[in-house]
Structure formats: structure tokens, C-alpha cells
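Chemist:
There are 2 protein chains.
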Amino acid sequence: MKITTPLLFLDEERCKRNIQKMANKAKRNNVVFRPHFKTHQSLEIGRWFKEVGVTKITVSSLEMATYFSSEWNDITVAFPVNILEIDTINELASKIQLNLLVESMDTVTFLKTHLTHPVHFFIKIDIGYHRTGVAPDNTELIDLILAGAKDSKLNFVGFLGHAGHSYGCKTEEQILKIHTDSIEILKNLKANYQTRYPNLILSTGDTPTCSIAEDFSAVDEIRPGNFVFYDLTQNNISSNTLDEIAVAVACPVVAKHPERNELVVYGGGIHFAKDRYEHPVFGTTFGIPVQLTGITWNEPMKNVYIKSLSQEHGIVSMDKAQIAHYELGDIVYILPVHSCMTSHAMKKYVSIQDGRAIERFN
Amino acid sequence: MKITTPLLFLDEERCKRNIQKMANKAKRNNVVFRPHFKTHQSLEIGRWFKEVGVTKITVSSLEMATYFSSEWNDITVAFPVNILEIDTINELASKIQLNLLVESMDTVTFLKTHLTHPVHFFIKIDIGYHRTGVAPDNTELIDLILAGAKDSKLNFVGFLGHAGHSYGCKTEEQILKIHTDSIEILKNLKANYQTRYPNLILSTGDTPTCSIAEDFSAVDEIRPGNFVFYDLTQNNISSNTLDEIAVAVACPVVAKHPERNELVVYGGGIHFAKDRYEHPVFGTTFGIPVQLTGITWNEPMKNVYIKSLSQEHGIVSMDKAQIAHYELGDIVYILPVHSCMTSHAMKKYVSIQDGRAIERFN
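The listed protein sequences derive, respectively, from chains A and B. Throughout the first sequence, residue numbering follows my numbering, covering 1 to 362 in sequence. Throughout the second sequence, residue numbering follows my numbering, covering 1001 to 1362 in sequence.
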């Protein structure tokens, strides 16, 4: 594999292990595993999920749903309905089981008059993240939505939550607390509504809670996404070990500045995106270099991190002694801070095992 | 123009005014205007520069140089030479006047044995940003590079600096100080080397100093890029007025949460990129909404800003009274924090004047 410009490598073995592990957890809990595909956005990686029995998926845009609809026929779009895309909604609903998220009467009113094919819908519940969703105690709105959807192409299937605030945790205990609290909210809703809707389901499951918690028996389906690759943000909050991170950006060395303990690589904001995190030792960090060993990468190099990113430049903080081992044109493999955004920015993957290009949307 | 998903609008009139204004400043100073095209990455916008007499350009990658080489025959790649791309370098050098940046003997040694066609090169000088470049007092290395390049396809043309630390300024005075200091560094180098190299030129000029300073008579060429669109980061450090910002992302409203003074739009990190800045009143800010008026946009809405971005969600902080004016499917026009990165993320522009798609690389 000849590298000339920044390239996103995928460790297929790690990725498949991450998929298998999460599938096992879903199985043990007897819940449906409906993974979020916004992280990898690849039909090929999607097929690895089929191998562990996955038949339903989650995406974050109708564009992505359209891409995956060639191979998947039960797709949840985990984003508020964008009514301007009603044509795409109708087209998808004519072909597959499309599941939408509803959180307002305006959406119900619009969909009732504009849907040409039946869809399933979840009421999106705000389980503590406060980004979107109906407040769980706003039963007035929930009742209005349910009444409004009656005798229409809108079929209520259950309550869906996303505990995105788990990304802000610092310890396993905090993540478990969010898990317990958010499941409690959903359980109460189910208890209140299941007499009227005996088949309603509960859907939840972000990567941190799905990685740390063991008991999901109170819900019916989980939708983690990032776990397929994991990353430094997740590692920082204890969701994954470093050897579970399945993607790394290969960056050519373009300049050496031992006088200020810096190596400059070709690899910037347009490759990694600009997510950052606070590393306990290094402070603000944009990536961590690892050493390549055969067909995977090892533990991070000691005391080495990406201290800043420009559009194309990455500045690696590294001491003089280590810099002396590098020559121009050498490759530094760097773990990303946020694998969803890095994968979106890079647009393609190359397998670290066999150098094969792996198909990706866009 | 029917908007269904996030769309990047370009105000062509503002953009052309920004181009004309900078061209006038270059002319007044009798310096070559070699604009950086990494911000717009568009052959069509490039032609607007031709209209004001520009014949030479700057880019930040060989990929971009290749794209622009269909219409431009004098291109500087303002990034350290990536020796792994020697084939592309040779191909470009066979077709156009290619200008490279050199900052080490390793690069000289490599290019001497691998170049198949003549190139021009600048010695990249660290004029205070400390990202790349030779320290200005390291005349030993400068002499080595010059001696090493003798009798090769490497033709020395001058010293080049980038005062990227101007982006970290807070006031006009700080920007002017950086301008004076960095020009002084380059002037001293010219004084030391012009007996031996009477035609050597000095190249500098980031957007903040080129916007604020008036006197560039000591240098020979300026290379600003961001000014073509400007953005909130530049406005925040006083490089531009808000009505000079020439791009805005149109984002559909997908949810309303008056109970927490928030509007949710379709427009996230994959559209804006994730650059942020510290707004003096709002704190960490990812964008500022403006009101559309005919074929442009006006001053920002009062007390409204983007408080966070997820992959697809943008959270607009807005009070209840203002939220009441919005319906699902309405469009919010949002000024970007960093227009280079937003334009790269969005990949295409639509003219706000006539709805025409404007070609862009990638």
C-alpha cells in the first residue's frame, strides 16, 4: 500500500470484534440490536453486521437512509423530521420500513396530510440530554401526538431516547448513573402507555452506556454507533480500551522542528475534523500517534500527541530524541478524537489487513 | 431556489467587493497579489480574480494545485514539500511554474535527485507563528540550503513567511504589531542576501494583517486567502465588518424548544466543521444567524447564536418570543466561524443572487 497523502486505515479485525461484542451484549439482554450507521456509512461494513444477525439499522439523515436502502429494509432516521424532505420520505416509505422521530404536533399535522405511504414513528423523548425530544412529563403533548396520529399513515411504535449527555461523563459511575436514570424515564412511560399500546417498544443506547452498562433488559432495542470504530473521546470516558480503536489516519511527515519538540505532518482539520478533548496529561489534544506493528497498531507512543491542527497541517508534540527517529516521508499513524467526524471528513477507508479500499457513502 | 437540506450560499457581490478591495490595496503598495485559493477552491471564483489582474496564485496542497493548473500557470504550494508526492510535483512542474516551500536540507537533497523539471522555491521563514519554517537567525541553514540548491533544478526566488499568529490577536493594534515585526524580519533577511541574490523577493500576508495594515511596500507579494469570504473569526479580531462576510449556511428548522430558548436546525459539524470562537457576550460560539433580505443578508439577529453542533444538529440559542416567529421548515441563514473549513465541508456553493451552482473542487 503506497501512501502519498493522508489515508484513513481501518483495522477490520478490531472493527469486527467491536461489532461481535456489542451483538453479544444485545443477545444476552434479549434486545434488538439496531446499530447506528452514521459512524461508518459503508455498505461493506454494514454487511459485517448482517453476519451477526442484524436486520435493522439507524441513520442520521434521509440521504444516508437512501444510500443504505439498497441493502436494508428497516431503517430508523434518528433525527427530527425535516419536513422539507417530504419527497424523499415518501420515496423511502414506498420501498422500506421507514421509522421516523416525532416530537411536535406540527410534525404530525404535516405528515398526516403529506405522507403517501405508511411509516412507523417513535415519539422522541428527552431523557436528559436536552438537545431534542418531548419532556417525559409532558404527557399532554404525548397524548396529543398519539391522538393526532390516529387513523393516518403514522403508526406509533414506541418511545425513543438518546442519552447523549453520557459523552460528557468522566467516569464509569457517571455513565452508569445516566443509564439508570434514562432507562427509568423510559420504563415509566412504558408503564403509563402500554395498556393502550401493548406492543410499544423502548429504544435507547448511545455508545458510552452501551459499552459500560450490562443490563438493558428494561428496553427493547439499542442503537449505539460510534463503538464500531471507537475513538479517543470514548477512551477518555472509559467506554473502550485503546486497543479497540479501529481507525487511524496515516500522515506523512513533512517537517521536523526538534528545537521546539515538534514534528509537522500532512494531516489537518480537513482530515481529522476539528474535534478536540482534554487529555488528563497533555491538555487540549487533537489526536494520539501510535506505532504500526504488522497489520495493526499498538499502544500510543509515550508523551506524544497532536497539539494543534490547521487546514492541512498537524503539529505533533514529540521530544527531540524521538524526532531523531523520523525522516521526511515517514508515516505517523494517528488515532482520531472523534471517529464519526474523521470518517466523514476522509470519505474512504483502506483496510490495514490487506490494503483494500472499503466502500463508503459520499 | 428550493432548499431541502443545508446549503452554502455565496453573496457574489460581497465576494467580488472583497476581491477588488484587496487588489486595490496590493496595487497601492505596488506588490504582487498572489491570493491563497484554499478558501474558495473554485475555478469560477478564481476567474473573478483574473478580472482584477491576478495572474499568480497560492494553494495549500498539490491536489489543489493540480485542480487549478487547468487555468493558472504560476502556482505556489504554501505547505512544506511532501516528498511522497514527487510524481505530482514533477507532473505539475512539467506544465506550469511551480513554486515550492523549502525549510530543510533533507528536502533540498531529495529534490535535487528527484526533480525532472525546474521549480522555483522559497525558503520558508518562521516569522513568529512557530508552525513551520527556518528561524530567521539560522543563517547557517539558509546558507546550506542556498549552496545545496546551486546547479540544480531548484531555483531560489526569495523568502516567504506566514504570520498565522495574527489569528490569535484580539485588537487591531496587536495585528499591526505582528505585521511590523514580521515585515522587519523579512526585510533584514533581504538586506543580508540581496547582494548575492539581487532578484530575491519577499512574500507574506495573512488575512488579518492584509486587512488591517496599509503599508506593504517593504515586501514584494502578498498571499491572503480567507478575505475572499471572511468569517466570524476574522470579524472577532476586527479584520472585517460583518457585512463583508460573503457566505452563509442555509439550515432548515427541524424542532422548536421555547421552554429552553432553543431552536434546532439541520446543520451540524459535517456542514460547518467544528471551529468555534469565544464571542465577547455569548461565550463559545459555532455560528451567528442573520436575517435574509432580498439577495443578501443583513446584520445578525440580536442575542442569537449557535451554542453547539452535533454531527447533523445545530442548536440555536434564541428567546421564546423570537422562536414564535419560526415554523418547521423555515430556513435560518448562519454565518460560519471559519469559512475555509465550512466551504471545504460543504463542497458546493449556490449564488444568493441568482441561485446558480458555483463549481468547486471536490
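No residue lacks a Cβ here, since even glycine has one placed at the ideal position from N, Cα and C.
From which residue to which residue does the alpha helix (DSSP H) around B:Ala1218 run?
Modeler: Neither: B:Ala1218 is in no alpha helix (DSSP H) and is coded neither H nor E.
Chemist: From the DSSP output, which residues share a beta bridge with B:Tyr1266?
Modeler: Paired residue(s): B:His1313.
Chemist: Could you give the DSSP three-state label for B:Phe947: helix, strand or coil?
Modeler: Coverage of chain B is limited to positions 1001 through 1362, which leaves residue 947 of chain B absent and any answer about it impossible.
Chemist: Using only alpha-carbon positions, find the residue among A:Asp319, A:Glu103, A:Thr139, A:Ser94 that is nearest to A:Pro404.
Modeler: An answer regarding residue 404 of chain A cannot be provided, because it is not within the stretch 1 to 362 covered by chain A.
Chemist: Less than 8 Å between CB atoms is the rule here; does B:Met1341 satisfy it with respect to chain A?
Modeler: Yes, contact with chain A.
Chemist: Is it right to say B:Met1001 is buried, meaning 16 or more other beta carbons lie within 10 angstroms of its own, or is it exposed?
Modeler: Under this definition B:Met1001 is an exposed residue.
Chemist: Spell out whether any CB of chain B is found under 8 Å from the CB atom of A:Leu141.
Modeler: A:Leu141 does not count as touching chain B.
Chemist: Given a cut-off of 8 Å on the beta-carbon distance, is the pair A:Ile185 and A:Ile142 in contact?
Modeler: Against a cut-off of 8 Å, the Cβ pair of A:Ile142 and A:Ile185 comes out as no contact.
Chemist: At 8 Å on the CB atoms, spell out the chain B contacts of A:Arg311, in chain order.
Modeler: It is Gln, not Arg, that sits at residue 311 of chain A in the sequence shown. Within chain B, the residues near A:Gln311 are Lys1038, Ser1060, Cys1340, Met1341, His1344.
Chemist: Under 8 Å between C-beta atoms, does A:Ser104 make it to chain B?
Modeler: So, interface residue.
Chemist: Return the chain-ordered list of same chain residues with a C-beta closer than 6 Å to the C-beta of A:Gly205, the five sequence neighbours on each side being excluded.
Modeler: Contacts found: Ile222, Arg223, Pro224.
Chemist: For B:Met1022, which of B:Val1249, B:Val1228, B:Asn1303 has the nearest alpha-carbon?
Modeler: Residue B:Val1228 is the option with its Cα nearest to B:Met1022.
Chemist: Which value, in whole angstroms, describes the spacing of the CA atoms of A:Pro35 and B:Gln1234?
Modeler: Looking at the two C-alpha atoms, the distance is approximately 41 Å.
Chemist: Excluding sequence positions up to five away, which residues of its chain have a Cβ less than 8 Å from the Cβ of B:Arg1047?
Modeler: Cβ within range, chain order: Glu1071.
Chemist: In this structure, what does DSSP give as the bridge partners for B:His1036?
Modeler: B:Thr1058.
Chemist: What does DSSP give as the partner residue(s) for B:Thr1293 in the beta ladder?
Modeler: Beta-bridge pairing links B:Thr1293 to B:Thr1296.
Chemist: Let's test the definition: count the other Cβ atoms within 10 Å of the Cβ of A:Lys50 and tell me whether it reaches 16, buried, or not, exposed.
Modeler: Answer is exposed; the Cβ neighbour count stays below 16.
Chemist: Suppose contacts are defined by Cβ-Cβ distances below 8 Å. Is B:Leu1092 in contact with B:Val1157 by that definition?
Modeler: Going by C-beta atoms, B:Leu1092 is not nearer than 8 Å to B:Val1157.
Chemist: Using a Cβ-Cβ cut-off of less than 8 Å, give me the residues of the segment 1253 to 1281 of chain B that come near chain A, in sequence order.
Modeler: Per Cβ criterion, the list reads Val1254, Ala1255, Lys1256, His1257, Glu1259, Arg1260, Val1264, Tyr1266, Gly1269, Ile1270, Ala1273, Lys1274, Asp1275.
Chemist: List, in order along the chain, the chain A residues whose C-beta lies closer than 7 Å to that of B:Pro1080?
Modeler: Residues of chain A passing the Cβ test: Val254, Ala255, Val264.
Chemist: If you run the structure through DSSP and keep just helix, strand and coil, what is A:Pro208?
Modeler: Helix at A:Pro208.
Chemist: If you measure from the beta carbon of A:Phe286 to each beta carbon in chain B, is any gap under 8 Å?
Modeler: Judged by the 8 Å Cβ criterion, A:Phe286 is not in contact with chain B.
Chemist: In terms of residues, what are the limits of the alpha helix (DSSP H) holding B:Ile1083?
Modeler: Careful: B:Ile1083 lies outside any alpha helix (DSSP H) and carries neither H nor E.
Chemist: Sorted by chain position, which residues of the same chain lie with C-beta nearer than 6 Å to B:Thr1107's C-beta, five sequence neighbours on each side aside?
Modeler: Only Val1081 meet the Cβ criterion.
Chemist: Excluding the five sequence neighbours on either side, which residues of its own chain have a C-beta within less than 7 Å of the C-beta of B:Lys1187, listed in chain order?
Modeler: Result list for B:Lys1187: Ala1218, in chain order.
Chemist: When Cβ atoms are compared, which residues of the segment 12 to 33 of chain A fall closer than 7 Å to chain B?
Modeler: Residues passing the 7 Å Cβ filter: none.
Chemist: Does the count of Cβ pairs from the segment 344 to 360 of chain A and the segment 1159 to 1168 of chain B closer than 8 Å reach three?
Modeler: As far as the Cβ criterion goes, the segment 344 to 360 of chain A does not touch the segment 1159 to 1168 of chain B, which means the pair count is below three.
Chemist: Using the C-alpha atoms, what's the distance from A:Leu263 back to A:His325?
Modeler: Answer to the nearest angstrom: the Cα atoms are 11 Å apart.
Chemist: Listing by chain order, which chain B residues have their CB less than 7 Å from the CB of A:His130?
Modeler: In chain order: Arg1260.
Chemist: Name the residue from B:Thr1342, B:Cys1210, B:Val1134 whose alpha carbon lies nearest to the alpha carbon of B:Phe1272.
Modeler: The shortest C-alpha separation from B:Phe1272 is found at B:Thr1342.
Chemist: Quick one: list the residues of chain B neighbouring A:Asn161, beta-carbon separation under 7 Å, in chain order.
Modeler: This sequence places Gly at residue 161 of chain A; Asn is not what is there. Under the 7 Å cutoff, chain B gives no residues; its nearest Cβ is about 15 Å from A:Gly161.
Chemist: Counting only beta-carbon separations shorter than 8 Å, does B:Phe1361 have a partner in chain A?
Modeler: Closer than 8 Å: no.
Chemist: If we ignore side chains and look at the alpha-carbon of each, how far apart do B:Asn1024 and B:Asp1220 end up?
Modeler: Approximately 15 Å, taken between the alpha carbons.
Chemist: Rounded to whole angstroms, what is the Cα-Cα separation between A:Ile3 and B:Met1064?
Modeler: Their Cα atoms are separated by approximately 18 Å.
Chemist: Looking at chain B, is there any beta carbon in it that lies within less than 8 Å of the beta carbon of A:Gly148?
Modeler: A:Gly148 does not count as touching chain B.
Chemist: Do the CB positions of A:Gly268 and A:Leu309 come within less than 8 Å of each other?
Modeler: It is a contact, given that the beta carbons lie within the stated cut-off.
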